[in-house]
Amino acid sequence: MDTTFEQVRELALRSVTDVRYPIVKTYTLDALWVLYDRVLRVDPNRPDDPDRDRFLLSKGHGPSAFYAVLAAKGFFPAAWLDGIATLESRLGSHPDATLIPGVEMSAGSLGHGLPLAVGTAHGLRATGRTGSRVFVLVGDAELDEGSNHEAIAYAGALGLANLDVIVADNDSASHGWPGGIASRFEVNGWSAATVDATDHEALYRSFTTAHPDRPHVTVAAYRP
Amino acid sequence: MVYQADPLEDDLQPLTMRDAWAAHLSDLVDADPRLAVVLADISSDMFTDAMKAHPDRVINVGIREQLLIGAAGGLALAGMRPVAHTYAPFLIERAFEQVKLDFEHQGTSGVLVTVGASYDWAEGSFTHFSPRDVALFDTLPGWRVFVPGHAAEVPPLLDRAVQAEDGVYIRLSLRHNENPYAVPDGKLLVLREGKRATVAVVGPLLDNVLEATADLDVTVAYTNTPRPLDTAGLRELAAETGDAIVVVEPYLEGTSAWLVSRAYEDRPHRLLSLGVGREELRRYGTAAEHERLHGLDAEGIRARVRAFLA
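Chains as they are written, first to last, in the UniProt record's numbering: chain A, 1 to 224; chain B, 1 to 310.
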């Protein structure tokens with residue numbers, strides 16, 4: 001399927017208004033598209049393949065971009081986007097992994113994804129799936145949750161090299177991150193890159209950066 | 001007086017429930033590649049060899065209880081059967097939203113094993129007590145709860161927990177009975193038969209109940225698997241005792257009352273609930289002293305059962 005980014009954006013727009021989550025139209029779609037189109041080893045025909053890569057959307061709010069990418073990649077029919085958030089729909093404001101093919105984690109409450117990703121990364125290593133990677137997307141405001149910092153410190157100390165974090169940074173944390181978000185990871189031994197959230201090549205380079213002995217974070221800064 | 005050297009040890013017990021759990025779990029981890037253990041410093045010294053042998057399956061996250069539950073949930077997402085462990089208030093109460101979302105809402109499950117119980121480390125006081133833990137599990141669908149009364153009851157319960165598909169909560173304590181009992185799977189074990197009431201007792205309070213009711217005309221039935229509660233068995237026993245029921249449990253008083261009530265929608269009954277009081281005592285001392293203050297020593301239980309029978 002040769003879907004273009006503009007076609008995916010159209011899919012994302014089917015389920016949002018300018019009032020509710022307007023920013024999702026742009027600010028996570030680029031990163032998700034690059035990830036699913038060029039990086040992740042996932043197959044919509046085998047969504048439960050144990051050797052697949054895992055993507056955990058921790059920041060479950062405003063999942064229109066995520067749904068659009070999954071639909072574009074064939075995990076479910078695009079028609080599902082039209083009845084969104086109704087009683088009969090599998091797609092709501094927060095994704096439920098038990099209802100949607102291709103969704104690895106049920107999200108909505110902030111601060112759960114990174115700890116879950118740490119356990120998943122351990123589990124993949126323990127079962128010999130050393131080629132499988134775990135990506136988790138968190139928001140910059142979501143980083144306020146202390147559970148993330150427990151996970152960041154631990155994953156850095158352990159050198160969980162099959163773990164990648166993407167911070168979707170739209171500068172929405174109430175008290176900001178003096179010194180920069182990347183520094184929070186780097187001080188714990190992570191590899192880090194800060195890129196323009198709309199620059200697909202820069203996102204791709206960061207997502208495919210070699211980090212054989214430590215986890216890696218991509219801070220995708222969106223500053224329109 | 002001096003402080004207790006190790007609040008999780010007991011000089012009078014050569015083998016505690018925690019010792020039995022750690023030894024058996026280490027063996028199980030060697031044998032079952034699907035099994036994982038997540039620790040938060042507490043008891044990590046008991047898994048030194050297991051951590052070396054299985055660095056991705058036996059992990060110590062440090063003093064990080066949110067990560068403890070999250071990492072266990074993530075291991076479950078990766079297809080493993082995780083066993084997570086620390087003090088009950090930190091594992092169950094502190095991270096309860098994660099217990100709810102990182103297992104149930106993900107469609108996965110795990111085994112949670114705690115120490116501390118309701119007042120084990122009395123000199124540590126309320127920060128390390130968790131009398132409300134089983135009541136919290138009653139708000140979640142499908143979790144089993146195992147409350148052993150003796151170290152020798154721990155290995156078979158752990159086997160069942162690891163093999164189960166559901167979530168299982170195992171509540172270890174330094175309080176214990178003199179002898180272990182082999183309880184038939186999910187059933188009440190009848191230890192004494194009488195006519196005037198059926199006393200169902202959970203885990204380490206059995207000996208106190210046996211002493212308290214030694215000369216009373218009551219049935220005594222024991223369980224170390226209070227969830228799911230064998231209410232069908234309880235009804236059968238209580239039918240022979242005028243539908244008078246006493247439930248004695250080593251956690252929050254009345255925790256099981258809703259289950260008894262639900263089992264008796266069609267039939268009048270009388271129920272006395274004995275357990276740990278709701279109020280914080282703000283006292284130190286020993287676990288035995290706290291047991292007495294909550295009316296759960298033999299004398300306290302006897303007084304309330306006699307009043308119930310009068």
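All C-beta atoms, glycine included, are put in the ideal place defined by N, C-alpha and C.
Distance between beta carbons of residue j and residue i, contact taken as under 8 Å
{"i": "B/L252", "j": "B/A95", "result": "About 19 Å; that fails the 8 Å criterion."}
{"i": "B/G74", "j": "A/T209", "result": "So it is not a contact: roughly 23 Å between Cβ atoms."}
{"i": "A/L11", "j": "A/A85", "result": "So it is not a contact: roughly 16 Å between Cβ atoms."}
{"i": "A/F66", "j": "A/P44", "result": "That pair is no contact at about 14 Å."}
{"i": "B/A152", "j": "B/P82", "result": "Contact doesn't hold; Cβ gap of about 25 Å is too wide."}
{"i": "A/A97", "j": "A/S106", "result": "5 Å"}
{"i": "A/I166", "j": "A/L137", "result": "5 Å"}
{"i": "A/Y36", "j": "A/K73", "result": "5 Å"}
{"i": "A/P191", "j": "A/H211", "result": "Residue identity check: residue 191 of chain A is Ser in the sequence provided, not Pro. With 8 Å as the limit, A/S191 and A/H211 qualify as a contact, their Cβ atoms being about 4 Å apart."}
{"i": "B/F146", "j": "B/A161", "result": "6 Å"}
{"i": "B/T198", "j": "B/L237", "result": "4 Å"}
{"i": "B/D133", "j": "B/I170", "result": "Contact doesn't hold; Cβ gap of about 11 Å is too wide."}
{"i": "B/R18", "j": "B/L172", "result": "5 Å"}
{"i": "A/G102", "j": "A/L57", "result": "About 11 Å; that fails the 8 Å criterion."}
Pairwise C-alpha distance: residue j and residue i
{"i": "B/P148", "j": "B/T286", "result": "20 Å"}
{"i": "B/G295", "j": "B/A40", "result": "33 Å"}
{"i": "B/E9", "j": "B/T16", "result": "7 Å"}
{"i": "A/G62", "j": "B/P141", "result": "28 Å"}
{"i": "B/S273", "j": "B/W258", "result": "11 Å"}
{"i": "B/D27", "j": "B/H54", "result": "12 Å"}
{"i": "A/D82", "j": "A/L32", "result": "20 Å"}
{"i": "A/S172", "j": "B/G254", "result": "46 Å"}
{"i": "B/G194", "j": "B/G203", "result": "21 Å"}
{"i": "A/Y204", "j": "A/A193", "result": "11 Å"}
{"i": "A/T3", "j": "A/N170", "result": "26 Å"}
{"i": "B/E104", "j": "A/D49", "result": "22 Å"}
{"i": "A/D213", "j": "B/A221", "result": "56 Å"}
{"i": "B/D120", "j": "B/A20", "result": "17 Å"}
{"i": "A/A151", "j": "A/L114", "result": "6 Å"}
{"i": "B/L76", "j": "B/N177", "result": "Checking the displayed sequence, the identity of residue 76 of chain B turns out to be Ala instead of Leu. Rounded to the nearest angstrom, the two C-alpha atoms are 34 Å apart."}
{"i": "residue 325 of chain B", "j": "A/H94", "result": "Examination of residue 325 of chain B is not possible in this model, given that chain B is present from 1 through 310 alone."}
{"i": "A/L110", "j": "B/G107", "result": "18 Å"}
{"i": "A/F55", "j": "A/N162", "result": "12 Å"}
{"i": "B/T223", "j": "B/V58", "result": "31 Å"}
{"i": "B/D30", "j": "B/A50", "result": "8 Å"}
{"i": "B/E268", "j": "B/F308", "result": "For clarity, residue 268 of chain B is Pro in the given sequence; the question names Glu instead. Their backbone Cα atoms lie some 16 Å apart in a straight line."}
{"i": "B/E249", "j": "B/G275", "result": "5 Å"}
{"i": "B/E240", "j": "A/G92", "result": "53 Å"}
{"i": "B/P180", "j": "B/H150", "result": "5 Å"}
{"i": "B/N60", "j": "B/G277", "result": "34 Å"}
{"i": "A/G131", "j": "A/S89", "result": "34 Å"}
{"i": "B/L158", "j": "B/L25", "result": "8 Å"}
{"i": "B/L247", "j": "B/L229", "result": "Inspection of the sequence shows that residue 247 of chain B is occupied by Val rather than by Leu. C-alpha separation (whole angstroms): 11 Å."}
Three-state class that DSSP yields for residue i in the structure shown
{"i": "residue 225 of chain A", "result": "Missing from the structure shown is residue 225 of chain A; chain A here goes from 1 to 224 and no further."}
{"i": "B/F47", "result": "helix"}
{"i": "B/P204", "result": "helix"}
{"i": "A/R52", "result": "coil"}
{"i": "B/E249", "result": "strand"}
{"i": "residue 318 of chain B", "result": "For chain B, the structure presents residues 1 to 310; residue 318 of chain B sits outside this window and is missing."}
{"i": "B/T231", "result": "helix"}
{"i": "A/R223", "result": "coil"}
{"i": "B/I69", "result": "helix"}
{"i": "B/F129", "result": "coil"}
{"i": "B/R171", "result": "strand"}
{"i": "B/A36", "result": "strand"}
{"i": "A/I84", "result": "coil"}
{"i": "residue 361 of chain B", "result": "With chain B covering only 1 through 310, there is no way to say anything about residue 361 of chain B."}
{"i": "A/S191", "result": "strand"}
{"i": "A/F76", "result": "coil"}
{"i": "A/Y67", "result": "helix"}
{"i": "B/L191", "result": "strand"}
{"i": "A/D196", "result": "strand"}
Under 7 Å from the C-beta of residue i: neighbouring residues of chain C
{"i": "B/I59", "result": "Structure shown: chain C not included; protein chains present are A and B."}
Residue i Cβ short of 7 Å to the ligand SAH heavy atom set
{"i": "A/G108", "result": "This structure does not include the ligand SAH; it has no bound ligands of any sort."}
Entirely within the region 254-307 of chain B and at least 4 residues each: give me those alpha helix (DSSP H) ranges in chain order.
-> Taking only runs of at least 4 residues, the alpha helix (DSSP H) segments lying wholly in the region 254-307 of chain B are 257-263, 287-293.
Taking only beta carbons into account, state which residues of the region 180-200 of chain A come closer than 7 Å to chain B, listed in chain order.
-> Against chain B - using a Cβ distance shorter than 7 Å - the region 180-200 of chain A contributes no residues.
Tell me the start and end of each unbroken alpha helix (DSSP H) in the region 99-172 of chain A that is at least 4 residues and wholly inside, in chain order.
-> Runs found: 113-126, 146-158.
Which runs of the beta strand (DSSP E) spanning at least 3 residues fall entirely within the region 80-109 of chain B, listed in chain order?
-> As far as the region 80-109 of chain B is concerned, its whole beta strand (DSSP E) runs of at least 3 residues are 81-87.
Near-chain A residues of the region 85-116 of chain B (beta-carbon distance less than 8 Å), N- to C-terminal order = The residues in question are E97, Q98, L101, D102, H105, Q106, G107.
Contact set between the region 91-103 of chain A and chain B, restricted to residues whose Cβ is under 9 Å from the partner | Those residues of the region 91-103 of chain A placed with their C-beta closer than 9 Å to a C-beta in chain B are D96, A97, T98, ordered along the chain.
Contact residues within the region 15-36 of chain B, judged by C-beta distance below 8 Å to chain A | Within the region 15-36 of chain B, the qualifying residues are P33, A36.
Interfacial residues, the region 72-83 of chain B to chain A, with Cβ spacing under 9 Å = So the close ones are A72, G73, G74, L75, A76, L77, A78, G79, M80, P82.
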